[in-house]
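Asker: Numbering (the working numbering), first residue to last: 713 to 827.
Glycine included, C-beta positions come from ideal geometry on N, C-alpha and C.
This is the structure, below, for whatever I ask next.
Given below as structure tokens:
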């Protein structure tokens, strides 16, 4: 599972952690609801449930990556914040993507790790 954080929002570390959590749970729940994606989810879990957090430049980039992932038929979840704390309501904070590593890398392979 790969997470792309919208860095233009300048979220604090706690906010980023919460948003990545929302993305993980959201994507997991969506995949559980689709029988065709349960096998991928089980395989991911059996292989250690790897999670990678990457830096996205801005909202436009997150939306472009989301569209590309969808075109490759990858499961995705795009978090929109409620706007109660650090960012405006409706802000796209984190994109979660799941799939085979080679395919996910076609979407996120050029991004840097969050540090």
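What are the boundary residues of the alpha helix (DSSP H) that includes residue 792?
Answerer: Position 80 of the chain shown, counting from 1, holds the residue named residue 792. It is not in any alpha helix (DSSP H) - residue 792 instead sits in the beta strand (DSSP E) that spans 788-792.
Asker: Would you mind working out which of 786, 803 and 759 sits nearest residue 748, comparing C-alpha positions?
Answerer: Counted from its first residue, the chain shown places residue 748 at position 36. Of the candidates 786, 803 and 759, the one whose C-alpha sits nearest the C-alpha of residue 748 is 786.
Asker: Sort out for me which residues DSSP pairs residue 804 with in a bridge.
Answerer: For this step, residue 804 is matched to residue 92 along the chain shown. Partner(s): 792.
Asker: Which residue wins for smallest C-alpha separation from residue 789, given the options 722, 800, 827 and 804?
Answerer: Position 77 of the chain shown, counted from the start, is the residue given in the question as residue 789. For the residues 722, 800, 827 and 804, the minimum Cα distance to residue 789 belongs to 804.
Asker: The alpha helix (DSSP H) with residue 799 in it runs from where to where?
Answerer: On the chain shown, position 87 is the one that residue 799 refers to. Where residue 799 is concerned, there is no enclosing alpha helix (DSSP H), given that its DSSP letter is neither H nor E.
Asker: For residue 823, which three-state DSSP category applies?
Answerer: Position 111 of the chain shown, counted from the start, is the residue given in the question as residue 823. Note: residue 823 maps to coil in three-state DSSP.
Asker: What does DSSP give as the partner residues of residue 718 in its beta bridges?
Answerer: In the chain shown, the residue the question calls residue 718 occupies position 6. DSSP lists 768 as partners of residue 718.
Asker: By how many angstroms is the C-alpha of residue 766 removed from the C-alpha of residue 826?
Answerer: Numbered from its first residue, the chain shown carries residue 826 at position 114. Numbered from its first residue, the chain shown carries residue 766 at position 54. Between residue 826 and residue 766, the C-alpha separation is close to 5 Å.
Asker: Apart from the five residues just before and just after residue 763, which ones in its own chain have a Cβ nearer than 6 Å to its Cβ?
Answerer: One-based indexing of the chain shown puts residue 763 at position 51. The residues are 713.
Asker: Does the separation of the CB atoms of residue 893 and residue 739 fall below 8 Å?
Answerer: For the chain, the structure presents residues 713 to 827; residue 893 sits outside this window and is missing.
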